[in-house]
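Under mature numbering (1 follows the signal peptide of the UniProt record, and there is no 0), the residues of the sequence shown are numbered -21 to -1, 1 to 108, in order.
Note that CB positions come from ideal geometry on N, CA and C, so glycine has one too.
The next block holds one structure in the form of structure tokens; read it before the comments.
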Amino acid sequence: MFRSFMLLTLLLITSGCSVPAATSPPVAGTAPTPPAATPVVVDQSCRTDADCTVKNVGNCCGYYPACVNVASRTDPAGVQASCQAKGMMSVCGFAEISGCSCVKGQCAANRDATDARRMPLQTPPSDKR
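Structure follows, in structure tokens:
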């Protein structure tokens, strides 16, 4: 189960974006920021738990926390620019991560720390009768 969760998390980080069904042509004067020539590669390797930390790696929605190597560079703005340039979106929401561990040489969120999901607040329907 934990392995499936980690694979799903990595899948969302690396390819959690999808192309919309139909896009309108870009409006003049609103050209998106071009993505960096060389995208940043996030390093999730580790030897001990101390090698891991939570950083914003970004996705097409914006903020996306992940457990990565403490020395790894991240480029959330570059990820968003790439999504915008390609007309891509992703599912918003993320697992709350309170800590990371080194699991088989890869930084991973602590199992108990991934139970809470952050979702948009929904207001209950008003009961007018």
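Worksheet item: Can you tell which of Ala88, Ser77, Ser24 and Lys65 has the C-alpha that lies nearest to the C-alpha of asparagine 38?
Response: Against the sequence shown, residue 38 aligns to sequence position 59. Ranking the options by Cα distance to asparagine 38, first place goes to Lys65.
Worksheet item: Roughly how many angstroms lie between the CA atoms of valine 20 and tyrosine 43, to the nearest whole one?
Response: Along the sequence shown, one-based indexing puts residue 20 at 41. Along the sequence shown, one-based indexing puts residue 43 at 64. When rounded, the distance between both Cα atoms is 15 angstroms.
Fill in: Local conformation of cysteine 86 per DSSP, three classes
Numbered from 1 along the sequence shown, position 107 holds the residue referred to as residue 86. Look at cysteine 86 here: in three-state DSSP terms it is strand.
Worksheet item: To which residues of the same chain is threonine 27 closer than 7 angstroms at the C-beta, ignoring the five residues directly before and after it?
Response: What you label residue 27 is simply residue 48 of the sequence shown in a count that begins at 1. Cβ neighbours of threonine 27 beyond the five flanking positions: Cys81.
Worksheet item: Using DSSP with H/G/I as helix, E/B as strand and the rest coil, what is cysteine 62?
Response: Counting from one through the sequence shown, the residue named residue 62 turns up at place 83. Helix at cysteine 62.
Practice prompt. Please work out which residues of its chain come closer than 8 angstroms, Cβ to Cβ, to threonine 53, disregarding the five sequence neighbours upstream and downstream, and give them in chain order.
Written response: Looking up residue 53 in the sequence shown gives position 74. Here the set comprises Val19, Val21, Lys34, Asn35, Val36, Gly37 and Val47.
Practice prompt. Determine the DSSP secondary structure at proline 55, reduced to helix, strand or coil.
Written response: Position 76 of the sequence shown, counting from 1, holds the residue named residue 55. Helix at proline 55.
Discussion item. Within 10 Å of its beta-carbon, does alanine 87 have 16 or more other beta-carbons around it, so buried, or fewer, so exposed?
Written reply: Residue numbering aside, residue 87 sits at position 108 when the sequence shown is read from its first letter. The residue is buried, with at least 16 neighbouring Cβ atoms inside 10 Å.
Fill in: Where the beta strand (DSSP E) containing asparagine 48 begins and where it ends
For the purposes of this step, residue 48 is taken as residue 69 along the sequence shown, with counting starting at 1. Counting along the chain, the beta strand (DSSP E) containing asparagine 48 begins and ends at 44 to 48.
Worksheet item: Nearest to serine 77 by CA position, among Cys62, Pro55, Asn89 and Cys25, is which residue?
Response: For the purposes of this step, residue 77 is taken as residue 98 along the sequence shown, with counting starting at 1. The option with the nearest alpha carbon to serine 77 is Asn89.
Worksheet item: Taking the continuous beta strand (DSSP E) assigned at threonine 17, which residues delimit it?
Response: Here residue 17 is taken as the residue at index 38 of the sequence shown, counted from 1. Looking at the DSSP string, threonine 17 is not in any beta strand (DSSP E), and its letter there is neither H nor E.
Worksheet item: Hey, glutamine 59 and glycine 72 are a contact pair by Cβ (cut 8 angstroms); roughly how many whole angstroms apart?
Response: Translated into the one-based positions of the sequence shown, residue 59 becomes position 80. Translated into the one-based positions of the sequence shown, residue 72 becomes position 93. Not really, about 16 angstroms apart at Cβ, beyond 8 angstroms.
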